[in-house]
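Working notes, beginning with the structure itself.
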Amino acid sequence: MPEGHTVHRLARTFDGLFAGRVLRVSSPQGRFADGAALLDGNVLAAAEAWGKQLFLGFASPAGGPAPERWLRVHLGLYGAWTFAGDGGADVVHAIGAPRKRVGERETVPAEGPDGSTSVDGDWGPPEPRGAVRVRLLGAHAVADLTGPTACEVVTPEEKAGVEARLGPDPIRPDGGRASLDAAREAFVAKVRRSRTAVGQQLMDQGVVAGVGNIYRAEVLFRAGVDPLRPGRDLADATLAAVWDDLVVLMRDGAATGAIVTTRAEHRDAGLPDDGADAGAPAGARRRTRQNTDGVPGAVPHHEAFYVYHRDGLPCRVCGAPVLTKELAGRNLFWCATCQT
DNA sequence: CCGTAATGGACAG
DNA sequence: TGTCCCTTACGGT
259 MPEGHTVHRL ARTFDGLFAG RVLRVSSPQG RFADGAALLD GNVLAAAEAW GKQLFLGFAS
319 PAGGPAPERW LRVHLGLYGA WTFAGDGGAD VVHAIGAPRK RVGERETVPA EGPDGSTSVD
379 GDWGPPEPRG AVRVRLLGAH AVADLTGPTA CEVVTPEEKA GVEARLGPDP IRPDGGRASL
439 DAAREAFVAK VRRSRTAVGQ QLMDQGVVAG VGNIYRAEVL FRAGVDPLRP GRDLADATLA
499 AVWDDLVVLM RDGAATGAIV TTRAEHRDAG LPDDGADAGA PAGARRRTRQ NTDGVPGAVP
559 HHEAFYVYHR DGLPCRVCGA PVLTKELAGR NLFWCATCQT
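Numbered per the working numbering, the first sequence spans residues 259 to 598.
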């Protein structure tokens with residue numbers, strides 16, 4: 259369940275595991291059999307992310323390095339990639355030990371049916387688990403895709419068409435525009451062009467690519483902006499600050515794998531864990547999946563956010579109860595005191 | 001066992 | 001605005 263930062267991490271992982279390698283491509287579930295046949299036996303020539311879109315470029319082994327076909331994947335709400343490998347030197351960075359997560363799923367060393375690890379020189383991929391739409395298999399690693407909202411083979415032209423409809427991406431070095439400054443300008447201008455609530459516009463991938471429900475809620479809290487305010491009513495400088503903050507927050511998320519938006523002084527160190535406060539308001543015990551469980555030094559998930567999934571709990575800054583409301587089919591969270 | 005939420009989006013009207 | 005799709009894991013029976 260990714261926002262853009264996860265997809266950028268995925269692109270890097272594919273690059274590290276499979277770039278330049280001939281891949282066996284299959285569809286254990288069967289729903290992508292035709293597409294898989296189109297890609298099977300080709301070389302992974304590129305792995306790119308733009309917002310929540312992942313593009314894997316394939317080139318024929320005989321041809322040049324330019325991708326002739328792209329696999330376009332959008333994970334949607336619950337899509338996930340699961341990785342396994344033989345732990346060889348060439349994949350150690352991507353598979354990592356002992357617990358590394360990419361997307362929502364844990365990455366584990368391949369195990370035989372009896373739980374044994376790979377035999378030297380005789381690595382075999384694990385059986386696909388669940389409804390695996392696509393399996394990419396290299397010599398030393400395998401990647402399984404489940405539950406995507408989009409998974410299709412497209413031409414370079416079709417890929418360009420998809421990208422043309424996407425807003426600037428704060429994680430891309432140039433923001434997906436001529437420059438990072440141009441990307442910020444495009445974002446500000448687009449939001450100001452409409453009276454649609456800024457909180458709704460941030461979820462529009464044509465306005466800014468890669469922002470999801472968490473970054474939406476958190477960046478507006480940090481900016482002190484009421485999510486329901488019409489975009490048109492916001493000052494240029496306010497929106498520019500929102501963009502700049504997205505650049506910081508999302509790039510940090512891409513680097514660490516976790517979304518953390520709270521500043522240290524606003525975290526309640528010493529409070530009990532989630533499991534200790536049974537009977538607390540709904541938001542208190544709700545789990546928010548993060549990729550940091552058990553990582554030493556990581557900010558625990560219940561201290562990572564200002565407002566996301568904290569409805570009914572006191573605002574970390576002013577103490578007023580965090581509010582929630584459904585907006586365009588998604589749950590919005592905000593503090594009416596801090597955000598005006 | 002069953003209901004439901006989940007960091008998303010396409011499409012119809 | 002509503003409806004549908006994709007899949008999994010968790011909590012309450």
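Glycine included, C-beta positions come from ideal geometry on N, C-alpha and C.
Worksheet item: From which residue to which residue does the alpha helix (DSSP H) around leucine 504 run?
Response: First-last of the alpha helix (DSSP H) with leucine 504: 494 to 514.
Worksheet item: Secondary structure at leucine 314, three-state DSSP: helix, strand or coil?
Response: Looking at leucine 314 - three-state DSSP - the assignment turns out to be strand.
Worksheet item: Which two residues bound the contiguous beta strand (DSSP E) that contains valine 301?
Response: From DSSP, the beta strand (DSSP E) with valine 301 extends over 301 to 308.
Fill in: Buried versus exposed call for leucine 395 [16 or more other C-beta atoms within 10 Å across all chains shown]
Classification for leucine 395: buried.
Fill in: For glycine 425 and threonine 598, the rounded distance between their alpha carbons
In a straight line, the C-alpha of threonine 598 is about 26 Å away from that of glycine 425.
Worksheet entry | Close Cβ partners of leucine 497 (< 6 Å) along its chain, the five nearest in sequence each way excluded | Once the five neighbours on either side are set aside, the close Cβ partners of leucine 497 are Val446, Val449.
Discussion item. Here's a check: name, in chain order, each residue in its chain whose Cβ is nearer than 7 Å to the Cβ of alanine 269, leaving out the five neighbours to either side.
Written reply: Here alanine 269 has Ala305, Glu306, Ala307, Leu312 as same chain residues with Cβ atoms under 7 Å from its own Cβ, once five neighbours each way along the sequence are excluded.
Fill in: Beta-carbon proximity list for arginine 327, same chain, < 6 Å, skipping 5 on both sides
The answer, listed in chain order, is Phe316, Val411.
Discussion item. Am I right that serine 452 and glycine 489 are in contact with their C-beta atoms under 8 Å? What's the rounded C-beta distance?
Written reply: That belief holds up - the Cβ atoms of serine 452 and glycine 489 are roughly 5 Å apart, short of 8 Å.
Discussion item. Given this structure, state the Cα-to-Cα distance separating alanine 347 from valine 400, to the nearest angstrom.
Written reply: At alanine 347, the pLDDT of 42 sits below 50, so the modelled position is not reliable; the number obtained from the coordinates is stated separately. One alpha carbon belongs to alanine 347, the other to valine 400, and they sit about 15 Å apart.
Item to complete: Keeping to the same chain, check which residues put their C-beta closer than 7 Å to that of leucine 486; ignore five residues upstream and five downstream.
Response: Closer than 7 Å at Cβ, skipping near neighbours: Ala455, Gly457.
Practice prompt. Output the distance between the C-alpha atoms of alanine 294 and glycine 468, rounded to the nearest integer angstrom.
Written response: Approximately 27 Å, taken between the alpha carbons.
Worksheet item: When DSSP labels each residue in this structure, what does glycine 587 get in the three-state scheme?
Response: When secondary structure is reduced to three states using DSSP, glycine 587 falls in the coil class, being assigned neither helix nor strand.
Item to complete: Return the chain-ordered list of same chain residues with a C-beta closer than 7 Å to the C-beta of lysine 583, the five sequence neighbours on each side being excluded.
Response: Only Leu590 meet the Cβ criterion.
Fill in: Residues bridged to phenylalanine 341 (per DSSP)
Assignment of beta-bridge partners to phenylalanine 341 by DSSP yields Ala401.
Worksheet item: Alpha carbon to alpha carbon, how far is phenylalanine 563 from leucine 585?
Response: In a straight line, the C-alpha of phenylalanine 563 is about 19 Å away from that of leucine 585.
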